[in-house]
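Each residue of the sequence shown is one higher than the last, beginning at 11 in the working numbering.
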Amino acid sequence: MLDNDIVDDQSINEDSYDGLVSLIEASKGVLSLLIASCKPGDFQTQMINRYEAELAPNIPCYRVVLNQKEPSLRAALEQLVQDCPELQKTHASAVITVTGTEALMDFVSKADSNNRSELNRFFGYLQWTREGLREFPYPIVIWVAPKILSRLSLEAPDFWSWRSGVFRFVAPAVEATGVVNQTGEISLLIESERRETLPLDELLDQVESLEQQAMETPALATLYNRVANAYASRVKTGQAQDDTQEIDRAILFFEKSLVLQRELNLPQAESDTLLELGDIYRDLGLWKRVFDLYEQSLAIARSFKDRPREAAALGRLGNLYQQYPLGDRANNLEGAIASYTRALEVYTREAFPEKWAMTLNNLANAYCDRIRSSRADNLEQAIEFYYVALTVYTLENFPEKWAMTQSNLAISYSYRIRGSRADNLERAIEFYYAALTVYTLEDFRKDWAATQNNLGEAYRNRILGSRVANIELAIEFFQAALTVYTFEDFREQWAITIPLKIFANNGQ
Numbered sequence: 011m012l013d014n015d016i017v018d019d020q021s022i023n024e025d026s027y028d029g030l031v032s033l034i035e036a037s038k039g040v041l042s043l044l045i046a047s048c049k050p051g052d053f054q055t056q057m058i059n060r061y062e063a064e065l066a067p068n069i070p071c072y073r074v075v076l077n078q079k080e081p082s083l084r085a086a087l088e089q090l091v092q093d094c095p096e097l098q099k100t101h102a103s104a105v106i107t108v109t110g111t112e113a114l115m116d117f118v119s120k121a122d123s124n125n126r127s128e129l130n131r132f133f134g135y136l137q138w139t140r141e142g143l144r145e146f147p148y149p150i151v152i153w154v155a156p157k158i159l160s161r162l163s164l165e166a167p168d169f170w171s172w173r174s175g176v177f178r179f180v181a182p183a184v185e186a187t188g189v190v191n192q193t194g195e196i197s198l199l200i201e202s203e204r205r206e207t208l209p210l211d212e213l214l215d216q217v218e219s220l221e222q223q224a225m226e227t228p229a230l231a232t233l234y235n236r237v238a239n240a241y242a243s244r245v246k247t248g249q250a251q252d253d254t255q256e257i258d259r260a261i262l263f264f265e266k267s268l269v270l271q272r273e274l275n276l277p278q279a280e281s282d283t284l285l286e287l288g289d290i291y292r293d294l295g296l297w298k299r300v301f302d303l304y305e306q307s308l309a310i311a312r313s314f315k316d317r318p319r320e321a322a323a324l325g326r327l328g329n330l331y332q333q334y335p336l337g338d339r340a341n342n343l344e345g346a347i348a349s350y351t352r353a354l355e356v357y358t359r360e361a362f363p364e365k366w367a368m369t370l371n372n373l374a375n376a377y378c379d380r381i382r383s384s385r386a387d388n389l390e391q392a393i394e395f396y397y398v399a400l401t402v403y404t405l406e407n408f409p410e411k412w413a414m415t416q417s418n419l420a421i422s423y424s425y426r427i428r429g430s431r432a433d434n435l436e437r438a439i440e441f442y443y444a445a446l447t448v449y450t451l452e453d454f455r456k457d458w459a460a461t462q463n464n465l466g467e468a469y470r471n472r473i474l475g476s477r478v479a480n481i482e483l484a485i486e487f488f489q490a491a492l493t494v495y496t497f498e499d500f501r502e503q504w505a506i507t508i509p510l511k512i513f514a515n516n517g518q
């Protein structure tokens, strides 16, 4: 996680805190339902203590904890008023903080046959006793866990419509770690709270709330990014109702973020957003726009001598050069190698071990594909980089990345020029088998099938051992791959594997 993720979380917390206190002060003498969301724990307690200390000189503060077995908000408030006679006075000034909802999550699995768990009863009470809350003319701050907040609008829509505001607090992360996406690229805009991604409609509600309050803050820019990423994620996971429309919305919100970041003079946040927006254009194949956005991000990072961001932009450019389908392929690969090499000046093993290993892996991939220089030398260099990456990508700490690197080594040895061809194929087979200890059919169907297919090809070409036995094993592996590579689901892979199986059947 980069420092600006922490800054963004602090901005969100400060904006939420200021908005909450402002509404409490503006709601003296009237009912105001204020929903505060945060993971339960010390940070939530700190926030409550903070606003109570700030308000206490002018507004008396009270707390109430919901009864877990009878989680009625109205009943809890009635009991508080009964225990505190000063709250019964006309025009009494107070703010009431309600906690205890997080404990209701522990009882969800204990629901009876009618599914009337304590949490469901809590939602039911909220939904059907809204009018009864009118007798409590105070700002009431209800603290809920993020998972409960995400269900409130669905489970208690009547109560939800009465809310005066929703304020989200992000508990500081215990440990900051990098995140690598499926393509091996470093993701900069990390969802916080390790981070339970909010539903899109709730993110849009938060955006609307801040926009209505004309709160043009770093937190709003961060929310724009999260909305954009939510739309992009829906498209990638097949959940979008209209891919084109939701991609356009993702681009729109990233562009809104960029405008705000420039107005607020947040160049480093702008650098991150440029990379994220570039990723979308990359997926759309709009290459000229991609290069422009990545180069802008790189220029900002260099102007501030922000080495981690510079390395992140260089990593993106390296991936782009390697995948770029236009122009001279040899030149593109040289550009990828140069970008990865420069990124490694920042991504050292000591400071960024996981990013260092991923960049080495990408650099090795580029050397495997490299056209210039000696093919034999390039493959030796790739193999060396893969081995070095494995000093971080251990089976214990990064099993999936370890398996990926095992598979990459197997492919490299399959094509290796130096050394004995027979020995190289034996090493390749060993690495493929190692990868399969992680790539199981249940958990990694596509990777499992690809490895089965590669093992079939390795045994088809194997020199050592019985030729008949090798061909029989090759057929078994090709057949296993075809259980996943069906004509309906993976036509391209099916079309490649079928001829290999036929060749193996014919002993070729």
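Where a beta carbon is used, it is the ideal one built from N, C-alpha and C, also for glycine.
Where residue i falls: helix, strand or coil (DSSP)
i: Pro50; result: coil
i: Thr107; result: strand
i: Pro228; result: helix
i: Val154; result: strand
i: Phe133; result: helix
i: Arg173; result: strand
i: Val356; result: coil
i: Glu428; result: It should be pointed out that residue 428 corresponds to Arg in this sequence rather than to Glu. Coil at Arg428, not helix or strand.
i: Val184; result: Low per-residue confidence applies at Val184: pLDDT is 44, beneath 50, and the placement is therefore not dependable enough to give any value.
i: Arg380; result: coil
i: Pro363; result: helix
i: Gln223; result: coil
i: Asn464; result: helix
i: Glu35; result: helix
i: Leu97; result: helix
i: Asn23; result: helix
i: Asp453; result: coil
i: Ala66; result: coil
i: Ser403; result: Looking at the sequence shown, residue 403 is not Ser but Tyr. The answer is coil: DSSP assigns Tyr403 none of H, G, I, E or B.
i: Asn14; result: Note on Asn14: pLDDT 39, under 50, position unreliable in the model; no value is reported.
i: Ala102; result: coil
i: Pro409; result: helix
For residue i, the nearest candidate out of the options (CA to CA)
i: Leu136; options: Val108, Pro147, Asp168, Glu482; result: Asp168
i: Leu376; options: Glu482, Ala479, Tyr396; result: Per the sequence shown, residue 376 should be read as Ala rather than Leu. Closest by alpha carbon: Tyr396.
i: Glu522; options: Ala438, Gly345, Pro67; result: The shown model of the chain, from 11 to 518, leaves out residue 522, and the question about it has no answer.
i: Tyr403; options: Ser383, Asn434, Arg359; result: Arg359
i: Asp211; options: Thr227, Ala490, Gly142, Ala240; result: Ala240
i: Arg472; options: Ser430, Ala323, Ala102; result: Ser430
i: Val398; options: Trp366, Asp379, Tyr304; result: Trp366
i: Lys49; options: Ile150, Ala155, Val40; result: Ala155
i: Arg470; options: Ser37, Ile393, Ile481, Phe488; result: Ile481
i: Gln416; options: Glu256, Ser476, Ala445, Leu294; result: Ala445
i: Ala279; options: Phe301, Leu262, Phe314, Gln223; result: Phe314
i: Ser307; options: Leu296, Leu327, Leu294; result: Leu327
i: Trp458; options: Leu435, Leu303, Glu410, Gln223; result: Glu410
i: Leu220; options: Ser42, Val176, Gln92; result: Val176
i: Asp407; options: Asp215, Leu65, Leu230, Pro363; result: The identity of residue 407 in the sequence shown is Asn, whereas the question assumes Asp. Here the closest residue by C-alpha is Pro363.
i: Ala229; options: Thr247, Lys266, Val245; result: Lys266
i: Leu268; options: Thr247, Trp297, Ala238, Ala250; result: Ala238
i: Pro182; options: Ala361, Leu400, Ile158, Glu24; result: Glu24
i: Asp316; options: Arg437, Pro277, Val91, Ala490; result: Pro277
i: Thr111; options: Leu483, Trp170, Trp153; result: Trp153
i: Thr461; options: Gln391, Trp412, Tyr443; result: Tyr443
Residue i - partner residues in DSSP beta bridges
i: Ser42; result: Pro149
i: Phe74; result: The identity of residue 74 in the sequence shown is Val, whereas the question assumes Phe. Note: Val74 sits in a beta bridge opposite Val108.
i: Arg472; result: Its beta-bridge partners do not exist; DSSP assigns none.
i: Arg161; result: In DSSP, Arg161 forms no bridge with anything.
i: Arg178; result: Ser47
Proximity test, residue i beta-carbon vs the ligand ZN heavy atom, cut-off 7 Å
i: Arg236; result: For the ligand ZN, the structure offers nothing, since it holds no ligand at all.
Neighbour flag for residue i against chain D, beta carbons, 8 Å
i: Gly295; result: Considering every chain present, this structure includes no chain D. It has just one protein chain.
Runs of beta strand (DSSP E) lying entirely within the segment 309-348, each at least 3 residues, in chain order: Qualifying beta strand (DSSP E) stretches: none in this window.
When you compare the segment 53-69 with the segment 81-95, are there three or more beta-carbon pairs, one atom per stretch, that lie closer than 8 Å? When C-beta atoms of the segment 53-69 are compared with those of the segment 81-95, fewer than three pairs fall below 8 Å, so the two segments do not count as touching.
Quick check: the segment 223-238 against the segment 278-291, are at least 3 beta-carbon pairs closer than 8 Å? Yes, since at least three Cβ pairs between the segment 278-291 and the segment 223-238 fall closer than 8 Å, the two stretches touch.
Could you tell me whether the segment 247-257 touches the segment 269-276, where touching means 3 or more Cβ pairs closer than 8 Å? No, they do not touch.
What residue ranges within the segment 244-302 form continuous alpha helix (DSSP H) runs of no fewer than 4 residues, ordered along the chain? Secondary structure in the segment 244-302: the alpha helix (DSSP H) runs of 4 residues or longer, each lying completely within the stretch, are 253-273, 277-294 in chain order.
Can you confirm whether the segment 127-134 touches the segment 95-107 when touching is taken to mean that 3 or more C-beta pairs between the two stretches lie within less than 8 Å? With contact defined as three or more Cβ pairs closer than 8 Å, the segment 95-107 and the segment 127-134 are not in contact.
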